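Input: a single structure, listed below in structure tokens.
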Amino acid sequence: MTALLDARGVLKRFGGLTAVDGVDIDISAGEMVGLIGPNGSGKTTLFDCLSRVSSLDSGSIRFDGVDITRHRPHQVARLGLARTFQLIRVYRDLTVSENMELSIQWGRVGTARLFGRTDPSTRRRVESLLEFLLLTRLRDERAGALSGGQRRLLEIGMALMSEPRLVLLDEATSGVNPTLVAEIADRLREVNASGVAILLVEHNVRFVAELCHRVVVLDRGAKLAEGTPRQVMENPAVIEAYFGAEGE
Amino acid sequence: MKSAASGEPRSGARLADSRRRRVLVRVSVGLLAMLALLPALPGVSNSTLFTLTLMLTSVAVAVNWNLTGGFTGYVDFGHAVWFGIGAYTTAILMSLQTNGPQVGWAAPPAIILGAVVAGVLAAAIGRATMRLKGPYFSIALLGTFVAVREIVRVSGGLTGGGVGLTLPPYLNRPLFYYLELALVAGLVAFTWWLRSTRFGAALVAIREDEVGAEMRGINTTRLKVTVFSFAGFSTGLFGGLWAYQNTFVDPDIAFVEVRTVDAVMGAMLGGLGTVAGPVVGTVVLFWLRELLWAHLLDYHLIAQGLLLIVIVLFLPRGLVGIVDPRGTSVTALWRRWTGRGARPDEQGKEP
Ligand SMILES: Nc1ncnc2c1ncn2[C@@H]1O[C@H](COP(=O)(O)OP(=O)(O)OP(=O)(O)O)[C@@H](O)[C@H]1O
Ligand SMILES: [Mg+2]
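Take a look at the structure:
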């Protein structure tokens, strides 16, 4: 079986700095994988490369058998790869439901639907996802007025609206209160159980260990270790990277 | 809004929306009927009708500018170029001569072709410039405006150069008035419809967060170039109509910076990114100028500057923005324009 996502030798430089240094990463359909590493180790940059927000300096990326190395971001999204952002991106001047309605699977929107209104089935999907994410009562609020945690949830909802096969989550729990973190963990488990693969960037290592079957560790742009949460956590190189250099 | 939402939890906002829509439709139909009856009133001269036709032209240009500036967030400082291109194409086609007898085109096809030329050029220029952000896009369009005017000035063989072109005169003020009234009403209705479609919502998404919109599957380039091209087409149409009524064009009256400035100011005063905003704003601005600033002579620019300050400080969402929350504010547009709302993620984006 071939992997859903298969990235080889992804390399990205910013001037003299190599932010991602030849990383290989693969994700199978329905898998939940954690991506951890100290600050500045290149996790977000790797996400930017995978979702094609950033161009890569070398390497290749295949998604579901399609070479997406030169795709534009919207093409990647239309293939079923969704993501959230470490620095939250929502449409602030629009309401929560409008944000959701704008995050449909655009690959299925032909000219006729492009010039049509939001249809009842989309609206129902929005309602059920908002309920799933505990956002129903905020439906008509401006997204800019939500708390950080609520915006994280909204962003997850927006990613799910597109019926993705893989979701890249960049720090879905940062700035979120502990009760809500537990809720998010539950929701992610449920999403994953429905067959959606998830790649999770997290600073909260316990959160990752609880959720993921497999963890990849980045350090200074390169892959340092890979394995089960336990294997990774007992790896001396990982302990060194986390506690030796900076002390998380 | 809030209380309505809590009173009727499931669809409060949508109900309020539809109630507001009904009021709006009634008000618009009433206004339209009044404007349609106007020429029949005693004491309404042809020159009044001409003034009103010019006002309708300004309204149309502001509505078109708002499609890219207000909805999509691309502040076009050269929008008047499409007006000039429509005007000149019309003038050239209508004044064609083969040594002696006039073989100029009839007005309707000439005006329509003028609009098409403006729309096609807007698509080409849009493709090239809409990858630029904020001030770079604005300045590129300002440059386009100046460049096209100079090209027209030096291409004497085709455009009559600095001397300009004279069109076959045809004066029927009421006809033009009705025609433009119908076209402006159609344009506003079209804008209102467009805003209610996924296409219109996606334009707003581009304004709010273009990287996010692209990442969520919206083909931002296609959408923004399409709407920019339509705005060029529509402004070109009104440019052609204007040239026909004016019976004369030269570079300095067809390509006028003030047309862009008025469109921007009108949209801001009325409410950026709203449907009714540019209409209300432009009408208010037009009558301020006719009635007040005409007496201020050289000081009218100061008055206009002061008005701009008042908008930014006290009316950032414009007159319509007070009741319609669906637009955006001058300050939000300014933040995005200068990139101060930008996030670090954007730096890695390729051109
Ligand atoms: N647009 C950019 N221009 C220049 N350098 C950048 C840019 N984006 C990231 N970097 C640098 O690349 C390196 C990797 O950054 P990145 O944000 O990918 O790390 P990260 O693992 O996501 O960190 P964090 O845990 O803090 O989110 C850092 O040294 C960062 O300073
Ligand atoms: Mg990061």
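So the sequences go chain by chain: Y and X.
Using my numbering, read the first sequence as starting at 1273 and increasing by one per residue.
Using my numbering, read the second sequence as starting at 3 and increasing by one per residue.
Each residue gets a CB set at the ideal place from its N, CA and C atoms; glycine is no exception.
Keep in mind that this is a model prediction, so the values were computed, not measured.
For Y:PRO1345, the nearest CB of chain X lies under 8 Å from its own CB, placing it at the interface with that chain. Chain-order list of chain X residues neighbouring Y:GLY1388: THR199, ARG200, by C-beta distance under 8 Å.
Under DSSP, Y:THR1367 takes part in a beta bridge, and its partners are Y:ARG1414.
In terms of side-chain proximity, the C-beta atom of Y:ASP1442 is found nearer than 7 Å to a non-hydrogen atom of ligand 2. Closest in alpha carbon position to X:ALA117, among X:MET132, X:LEU95, X:TYR138, X:ARG209, is X:LEU95.
At the C-beta level, X:PRO253 and X:VAL122 stay beyond 8 Å of one another. Contact between X:TRP67 and X:ALA265 is confirmed by a C-beta separation of about 4 Å, below the 8 Å threshold.
Around X:VAL119, the same chain offers ILE87, GLY88, THR91, GLY238 as residues with beta carbons nearer than 8 Å, after the five sequence neighbours per side are excluded. Per the coordinates, the alpha-carbon of X:THR131 lies some 30 Å from the alpha-carbon of Y:GLY1288. By the criterion of at least three beta-carbon pairs nearer than 8 Å, the stretch 1411-1422 of chain Y is in contact with the stretch 1364-1378 of chain Y. When the alpha-carbon of Y:PRO1501 is set against those of Y:GLY1306, Y:VAL1295, Y:ARG1423, Y:ASP1298, the nearest one is in Y:GLY1306.
For Y:ARG1486, the secondary structure class from DSSP, reduced to helix, strand or coil, is strand. About 5 Å separates the CB atoms of X:TYR179 and X:THR55; that is less than 8 Å, so the two are in contact.
Under the three-state reduction of DSSP output, X:LYS135 falls in the coil class, being neither helix nor strand.
About 4 Å separates the beta carbon of Y:LEU1440 from that of Y:ARG1355, a gap short enough to meet the 8 Å contact definition. The Cβ-Cβ distance between Y:ASN1371 and Y:LEU1426 falls below 8 Å.
Against X:VAL206, the close residues of chain Y are TYR1363, ASP1365, LEU1366, GLU1370, LEU1374, in the order they occur along the chain (beta-carbon pairs closer than 9 Å).
Within 7 Å of the CB of X:GLU210, the CB atoms of chain Y belong to TYR1363, ARG1364, ASP1365, LEU1366, in sequence order along the chain. In this structure, X:VAL65 places its C-beta atom within 8 Å of the C-beta atom of X:LEU189.
The Cβ atoms of Y:GLU1403 and Y:GLU1443 do not sit closer than 8 Å to each other.
Annotated as distal: X:GLY234 and X:ALA93, with beta-carbon spacing of 8 Å or more. If you draw a 10 Å sphere on the C-beta of X:ASP78, you find 16 or more other C-beta atoms in it, and that means buried. DSSP places X:GLN306 within a helical segment (H, G or I) once states are collapsed to three. DSSP links Y:SER1330 through a beta bridge to Y:LEU1283. For X:GLN247, the CB contacts under 6 Å within the same chain, skipping 5 residues up- and downstream, are PHE178 in chain order.
In terms of Cβ geometry, Y:THR1317 and Y:ALA1291 form a close pair [threshold 8 Å].
Interface annotation, Y:VAL1381: in contact with chain X, CB-CB separation under 8 Å.
DSSP, reduced to helix, strand and coil, places Y:THR1500 outside both helices and strands of the structure shown, so it counts as coil. Exclusion of the five residues before and after X:PRO176 leaves PRO41, LEU51 as the residues of its chain whose Cβ lies within less than 7 Å of its Cβ. A direct Cα-Cα distance of roughly 38 Å separates X:LEU271 from X:SER157.
Distances from the CA of Y:GLN1358 to each of Y:LEU1406, Y:ALA1469, Y:THR1445 were compared; the closest alpha carbon is that of Y:THR1445.
Taking a C-beta distance under 8 Å as the contact criterion, Y:LEU1407 and Y:GLY1429 qualify as a contact pair. Proximity of Y:ARG1355 to chain X, defined by a Cβ-Cβ separation below 8 Å, is satisfied. Residue pairing by DSSP places Y:ASP1339 opposite Y:ARG1334 in a beta bridge.
For Y:ILE1360, the secondary structure class from DSSP, reduced to helix, strand or coil, is coil.
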